[in-house]
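Report on the following structure.
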Amino acid sequence: MATETRDEPEAKDEGKGRKKSPSRRTSPALFVRQVIAELRKVIWPTRRELVTYTTAALVFVLIMVAIVSGFDYGLQKGVYAIFG
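The opening position of the sequence shown corresponds to residue 2 in the numbering used here, with each subsequent residue numbered one higher.
Below is the structure:
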């Protein structure tokens with residue numbers, strides 16, 4: 002088979018916990034509890050980190066806008082020079 006590249010047997014999908022049937026759904030309360038539990042695991046950035054990351058992202062976006070605008074302006078002038 003194409004997926005077998007070594008002489009090792011394929012890993013079995015043993016899964017964790019109880020197997021659920023495809024039609025079984027979790028209750029909204031359980032979903033909210035799971036979301037809250039996952040959010041507690043998140044390492045939230047400090048205010049200083051948040052300001053730094055936001056500034057870096059905005060500067061990057063502004064630089065990209067300037068580059069694309071410059072190319073657009075240059076191509077526009079080129080097209081007007083050829084066809085105008």
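Even glycine gets a Cβ: it sits at the ideal position worked out from N, Cα and C.
So residue i is in the alpha helix (DSSP H); what residue range does that whole segment cover?
i	result
valine 66	48-84
arginine 41	29-42
Apart from the five residues on each side of it in sequence, which residues of its chain come closer than 8 Å, Cβ to Cβ, to residue i?
i	result
isoleucine 44	none
proline 46	Tyr54
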